[in-house]
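Asker: In my numbering, the protein residues as written are 3 to 591.
Think of the CB as a built atom: it goes at the ideal place given N, C-alpha and C, for glycine as much as any other residue.
Predicted model, so just to flag it, every value in this text is computed and none were measured.
Following this message is one structure expressed as structure tokens.
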């Protein structure tokens with residue numbers, strides 16, 4: 003990829019070994035088409051402890067870091083990288099610790115950004131990131147696993163790796179390394195790799211990366227690792243900078259090349275003219291023929307193209323589209339190994355989604371995904387047992403719900419605010435009496451929270467100071483509703499932000515969330531954001547004015563929704579009106 007000043011070429015390979023049939027690694031490069039103002043992002047995520055769920059978690063980490071980094075409102079690379087890693091950790095920690103069941107899962111992750119003529123890198127866990135030049139191979143971030151030379155010995159590496167707690171998803175808060183403003187110049191290469199390359203000599207690595215194209219270098223490194231007896235999964239990304247700062251040295255190099263190219267082209271044209279004249283007189287009856295029709299594509303080439311498309315869609319999470327590519331190959335070649343492996347990977351992804359919904363007690367969606375998986379593996383008895391068990395759970399839930407149906411709250415319709423209105427009337431958010439503490443537990447959901455995170459006191463929910471992100475949602479869903487929360491922020495020690503969630507719902511085919519968040523922070527800033535899947539979009543930022551709040555004491559936030567209109571208030575003073583592209587409906591919290 004290139005712009006006016008930088009040419010970036012890159013490649014990546016993953017390899018599963020026979021002794022380690024589950025590849026827990028995932029890599030990605032973003033954006034796909036062109037450099038953005040925030041540069042080019044490369045991500046490598048590696049599962050820990052050999053758990054099969056780490057595979058889907060690694061892919062989730064790669065996609066999440068990409069979405070958060072490029073959608074973050076900050077133009078600062080370091081800030082956006084930090085937010086991306088923190089958000090990825092928060093989501094993975096929630097998934098790994100659902101309902102208080104702590105699982106020993108974690109994801110090592112490296113993110114590298116090339117922006118202008120600088121490199122930025124964020125890293126947590128045991129992956130490795132190197133800068134390779136003609137004279138040296140330098141590790142950019144020293145991990146706890148490093149011992150002697152460039153890479154540790156495998157035995158030491160593995161013992162240390164199993165002890166470390168440095169990974170995404172293990173703890174609610176993370177500490178990770180960020181290196182910024184690393185200058186680059188033409189010819190510099192960067193290598194991201196997992197522990198699968200631990201036994202390959204560093205001199206060989208440097209020679210391969212500098213002498214081959216990035217994609218060929220990755221393939222060669224994997225072959226070298228296999229030759230020295232590597233029994234680990236291997237994940238490698240190689241990046242090369244062909245030109246960077248565009249300074250005088252680079253300009254002279256370009257000018258010299260241009261002159262040399264002119265000389266070569268003139269010489270080549272002269273030789274072609276002489277050769278053509280000789281051929282014409284030696285073979286006067288054999289006139290050259292111009293043939294333009296393209297050579298028909300072979301069956302093998304078509305299969306390779308479909309396989310590449312299928313793998314690309316699979317990595318992007320478009321499972322149904324990827325499935326069609328693999329099935330198209332198998333229709334013509336039922337024993338195609340790559341397509342058969344693709345079906346197996348998709349079946350595992352469907353099963354992972356079903357397992358997720360099962361843990362969330364969403365049994366109907368779990369059954370649907372289990373059935374998708376068993377269609378690809380009709381002889382898989384374990385899947386059939388899961389379907390039977392989940393269907394039983396679904397029937398039990400229906401029986402339990404039947405005699406005591408949930409009483410739905412009637413939607414409360416509020417009049418839209420008038421443009422000249424300076425304050426809202428001081429009225430309760432709902433036209434009914436406030437619930438008591440014993441009723442709050444029945445009316446509210448507290449996803450991923452424990453007793454250490456919140457308390458119920460009469461008609462109040464009190465969030466306690468802890469590391470977890472805290473979210474409470476009313477079980478009922480509303481349309482055209484006005485909802486207000488009152489919160490008291492403490493003194494100078496107060497951290498984070500609090501606010502209102504509106505239009506909360508989960509995506510139809512995946513466990514990701516969609517909602518709007520209106521919040522206020524200690525930085526004295528109101529913010530309306532839209533969360534969709536992995537993407538976080540800042541819609542409007544507003545300063546906290548003195549007439550809105552006195553010394554950042556008590557704040558009452560209120561949101562009024564009608565159709566696709568959202569009106570924001572603080573302490574009954576109107577702040578902003580926004581027209582969303584869709585109708586606002588769903589849960590509030």
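Any idea what DSSP makes of residue 562, helix, strand or coil?
Answerer: Here residue 562 refers to the residue found at position 560 when the chain shown is read from its first residue. Of the three classes helix, strand and coil, the one that applies to residue 562 here is strand, per DSSP.
Asker: Could you tell me the alpha carbon to alpha carbon distance between residue 196 and residue 363, rounded to whole angstroms?
Answerer: To locate residue 196, count along the chain shown from 1; it is residue 194. To locate residue 363, count along the chain shown from 1; it is residue 361. Whole-angstrom Cα-Cα distance: 36 Å.
Asker: So residue 183 is in the alpha helix (DSSP H); what residue range does that whole segment cover?
Answerer: Looking up residue 183 in the chain shown gives position 181. Where residue 183 is concerned, there is no enclosing alpha helix (DSSP H), although the beta strand (DSSP E) it sits in stretches over 179 to 185.
Asker: Hey, out of 216, 203, 578 and 81, whose CA is closest to residue 9's CA?
Answerer: Translated into the one-based positions of the chain shown, residue 9 becomes position 7. When C-alpha distances from residue 9 are compared across 216, 203, 578 and 81, the shortest belongs to 216.
Asker: If we ignore side chains and look at the alpha-carbon of each, how far apart do residue 332 and residue 61 end up?
Answerer: In the chain shown, residue 332 corresponds to position 330, counting from 1. In the chain shown, residue 61 corresponds to position 59, counting from 1. The straight-line gap from Cα to Cα measures roughly 26 Å.
Asker: So, does the region 368 to 384 touch the region 350 to 357, judging by three or more C-beta pairs under 8 Å?
Answerer: yes
Asker: Using the rule of at least 16 other Cβ atoms within 10 Å of the residue's Cβ for burial, across every protein chain shown, is residue 74 buried or exposed?
Answerer: Start at 1 with the first residue of the chain shown, and residue 74 comes out as number 72. That one is buried.
Asker: Going by C-alpha distance, which of 316, 499, 137 and 127 is nearest residue 143?
Answerer: The count along the chain shown starts at 1 and reaches residue 143 at position 141. Of the candidates 316, 499, 137 and 127, the one whose C-alpha sits nearest the C-alpha of residue 143 is 127.
Asker: Would residue 41 and residue 118 be called neighbours here (beta carbons separated by less than 9 Å)?
Answerer: If you number the chain shown from 1, residue 41 lands on position 39. If you number the chain shown from 1, residue 118 lands on position 116. Yes, the Cβ-Cβ distance between residue 41 and residue 118 is below 9 Å.
Asker: Give me the Cβ distance between residue 90 and residue 170, rounded to the nearest whole Å; I'm assuming they're in contact under 8 Å.
Answerer: Mapped onto the chain shown, residue 90 falls at position 88. Mapped onto the chain shown, residue 170 falls at position 168. With a Cβ gap of about 6 Å, residue 90 and residue 170 count as contacting.
Asker: Give the range of the alpha helix (DSSP H) segment to which residue 354 is assigned.
Answerer: Here residue 354 corresponds to residue number 352 of the chain shown, with the count starting at 1. For residue 354, the uninterrupted alpha helix (DSSP H) run begins and ends at 339 to 361, by DSSP.
Asker: Have a look at 528, 522 and 475 and flag the residue whose alpha-carbon is nearest the alpha-carbon of residue 504.
Answerer: Mapped onto the chain shown, residue 504 falls at position 502. Closest option to residue 504, Cα to Cα, is 475.
Asker: Does the Cβ of residue 566 have 16 or more other Cβ atoms within 10 Å, making it buried, or fewer, making it exposed?
Answerer: Taking the first residue of the chain shown as position 1, residue 566 is located at position 564. Residue 566 is exposed by the Cβ-count criterion.
Asker: On the DSSP bridge assignment, give the partners of residue 237 in chain order.
Answerer: Looking up residue 237 in the chain shown gives position 235. DSSP output for residue 237 lists 16 as bridge partner(s).
Asker: With burial defined as no fewer than 16 other Cβ atoms inside 10 Å of the residue's Cβ, what is the status of residue 211: buried or exposed?
Answerer: Locating residue 211 in the chain shown gives position 209, where the first residue counts as 1. Classification for residue 211: buried.
Asker: Would a C-beta distance cut-off of 9 Å place residue 114 and residue 131 closer than the cut-off?
Answerer: Residue 114 sits at position 112 when you count from the first residue of the chain shown. Residue 131 sits at position 129 when you count from the first residue of the chain shown. Yes. Within cutoff.
Asker: Quick one: is residue 349 buried, meaning 16 or more other Cβ sit within 10 Å of its Cβ, or exposed?
Answerer: Counted from its first residue, the chain shown places residue 349 at position 347. That one is buried.
Asker: Quickly, what does DSSP pair residue 243 with across the bridge? List them, please.
Answerer: The residue given as residue 243 occupies position 241 in the chain shown. Answer by DSSP bridge pairing, in chain order: 10.
Asker: Restricting to Cα atoms, I'd like to know which of 222, 208, 203 and 185 is closest to residue 245.
Answerer: The residue labelled residue 245 in the question sits at position 243 within the chain shown. The option with the nearest alpha carbon to residue 245 is 185.
Asker: Using a Cβ distance threshold of 8 Å, determine whether the region 80 to 98 contacts the region 559 to 577, with at least three qualifying pairs required.
Answerer: no
Asker: Here's the rule: buried if 16 or more other CB atoms are within 10 angstroms of the residue's CB, otherwise exposed. What is residue 46?
Answerer: Position 44 of the chain shown, counted from the first residue, corresponds to residue 46. Residue burial is scored here from C-beta neighbours: residue 46 has at least 16 other C-beta atoms within 10 angstroms and is therefore classed as buried.
Asker: Pick from 67, 139, 49 and 346: whose alpha carbon is nearest that of residue 98?
Answerer: Position 96 of the chain shown, counted from the start, is the residue given in the question as residue 98. The shortest C-alpha separation from residue 98 is found at 49.
Asker: Using CA atoms only, rank isn't needed, just tell me which of 335, 518, 539 and 540 is closest to residue 563.
Answerer: Reading the chain shown from its first residue, position 561 is the one you call residue 563. For the residues 335, 518, 539 and 540, the minimum Cα distance to residue 563 belongs to 518.
Asker: Below 8 Å on the Cβ atoms is my guess for residue 397 versus residue 446; work out the distance and round it to an integer in Å.
Answerer: Taking the chain shown and counting its residues from 1, the one referred to as residue 397 is at position 395. Taking the chain shown and counting its residues from 1, the one referred to as residue 446 is at position 444. No, residue 397 and residue 446 are not in contact; Cβ-Cβ is about 27 Å, not under 8 Å.
Asker: Where does residue 128 sit, in a helix, a strand or coil, going by DSSP?
Answerer: The residue you call residue 128 lines up with position 126 of the chain shown. In this structure, residue 128 counts as coil in the three-state DSSP scheme.
Asker: Going by DSSP in three states, residue 220 sits in which element: helix, strand or coil?
Answerer: For the purposes of this step, residue 220 is identified with residue 218 of the chain shown, where counting begins at 1. Residue 220 falls in the helix class under three-state DSSP.
Asker: Using only the alpha-carbon positions, how far apart do residue 338 and residue 218 sit?
Answerer: By one-based count along the chain shown, residue 338 stands at place 336. By one-based count along the chain shown, residue 218 stands at place 216. Spanning the two alpha carbons is a distance of roughly 24 Å.
Asker: How would you label residue 81, buried or exposed, when you count the other beta carbons within 10 angstroms and need 16 or more for buried?
Answerer: Working through the chain shown from its first residue, we reach residue 81 at position 79. Exposed, since its Cβ has fewer than 16 Cβ neighbours within 10 Å.
Asker: Can you give me the start and stop residues for the beta strand (DSSP E) that residue 575 sits inside?
Answerer: One-based indexing of the chain shown puts residue 575 at position 573. Its beta strand (DSSP E) spans residues 575 to 581.
Asker: Ignore the nearest five residues each way along the sequence and tell me which others in residue 577's own chain have a CB closer than 7 Å to its CB.
Answerer: For the purposes of this step, residue 577 is taken as the residue at position 575 of the chain shown. Excluding sequence neighbours, residue 577 sits near 528, 544, 570 and 571.
Asker: How about residue 208 and residue 134: do their beta carbons lie closer than 9 Å?
Answerer: By 1-based counting over the chain shown, the position of residue 208 is 206. By 1-based counting over the chain shown, the position of residue 134 is 132. A contact, by the Cβ cut-off of 9 Å.
Asker: With distances taken Cα to Cα, identify the nearest neighbour of residue 86 among 78, 77 and 68.
Answerer: In the chain shown, counting from the first residue as 1, residue 86 sits at position 84. When each option's Cα is compared against that of residue 86, the closest is 68.
Asker: Please report the residue range of the alpha helix (DSSP H) in which residue 79 lies.
Answerer: In the chain shown, counting from the first residue as 1, residue 79 sits at position 77. From DSSP, the alpha helix (DSSP H) with residue 79 extends over 79 to 98.
Asker: Does DSSP put residue 160 in a helix, in a strand, or in coil?
Answerer: For the purposes of this step, residue 160 is taken as residue 158 along the chain shown, with counting starting at 1. Any reading at residue 160 is ruled out, since the residue's pLDDT is 42, under 50, leaving its predicted position unreliable.
Asker: Given residue 110, which residues of its chain have a CB within under 6 Å of its CB, disregarding the five upstream and five downstream residues?
Answerer: One-based indexing of the chain shown puts residue 110 at position 108. Answer for residue 110: 48, 127, 128, 129 and 169, listed in chain order.
Asker: Assuming residue 140 is part of the beta strand (DSSP E), what are its boundary residues?
Answerer: Numbered from its first residue, the chain shown carries residue 140 at position 138. 139 to 141 is the span of the beta strand (DSSP E), which, as asked, contains residue 140.
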